[in-house]
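Read the structure below first, then the notes.
Residue numbers (my numbering): 2 to 320.
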């Protein structure tokens, strides 16, 4: 049975553009991975989203809107208080709205702060008009983020790094596999594999044969591409795989398993995670070294955990 919480966690990221791309490859929502494992109610929600071209706001679960355990920021007359670099010079990170400077103390005790008042939505708009207005604002924000990506890539010499193929990044996870008769040859559990770290001898085909050196390099290349995409486009990275956020881990596991189905032939996705335990820190050292040397990445800052939270451990951060 599909884990419904996991299956619906990322529906908040399913934009009309993503749905349109999915319709290019599938004719019915029932063809999506994991669809048959959903409940009747959830199937109806997916079908309705497929029909109208977008996910209804009431169908987006709370796990797609907020982070478990995250403390919500205190609100004051629908404003957010953010710290500033210098008095009168607010640092705004992608927030679009009317800026009204004030003298309200922030959480650090400083009296130099800025209130960001989000733009209001007219109350007389119908659902379609509100949706169009939201899309317009998202497109504007997307253009700004795209411009930032291009500048960041040029500064780091990252233009040669291709983003991963989005065709295997759909938000619905693959259903848990059935244990085949030859499961012992597949190293079904982590405990059944006794190889050395970095040997990748657990990467076997559905028949239990070791993947060729070429195939193993391709799998590692895909993993690096997924991690690079998370770091560049979302700012998600951490000192080790254990410290990465759950959303980043989920997207990586779903992505690499969709491209290489042999990796699903195990319990609890342990092979996909083992690749990360073996190779994530190697990728991270290589990926950030040139940027740190050029001064674009600052050592010792805080890193994003994959949910938009900032960890207190020493991390490399984009400045």
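Every residue gets a Cβ at the ideal spot worked out from N, C-alpha and C, and that includes glycine.
- If you look at residue 237, you'll find it isn't in any alpha helix (DSSP H); DSSP assigns it neither H nor E.
- The beta carbon of residue 271 lies closer than 8 angstroms to those of 190 and 191 in the same chain, with the five residues before and after it left out.
- Classified as exposed, residue 148 has fewer than 16 neighbouring CB atoms from the shown chains inside 10 Å of its CB.
- Using a Cβ-Cβ distance cut-off of 8 angstroms, the stretch 217 to 226 and the stretch 241 to 252 are not in contact, since fewer than three pairs of beta carbons, one from each stretch, lie closer than that value.
- Counting other Cβ atoms within 10 Å of its Cβ, residue 141 stays below 16 and is therefore classed as exposed.
- Residue burial annotation: residue 50 is buried, with at least 16 other C-beta atoms found within 10 angstroms of its C-beta.
- Put simply, of 236, 284 and 208 the residue whose alpha carbon is nearest the alpha carbon of residue 267 is 208.
- The residue among 226, 201 and 56 with its C-alpha nearest the C-alpha of residue 215 is 201.
- The distance from the Cβ of residue 150 to that of residue 233 is about 6 angstroms, consistent with a contact at the 8 angstroms cut-off.
- Across the structure, residue 18 and residue 261 are spaced so that their CA atoms are roughly 25 angstroms apart.
- Residue 288 has its alpha-carbon roughly 9 angstroms from the corresponding atom of residue 225.
- Every alpha helix (DSSP H) of 4 residues or more that sits fully in the stretch 128 to 157 is shown, in chain order, as 128 to 157.
- Going by DSSP, residue 17 is part of the alpha helix (DSSP H) stretching over 17 to 26.
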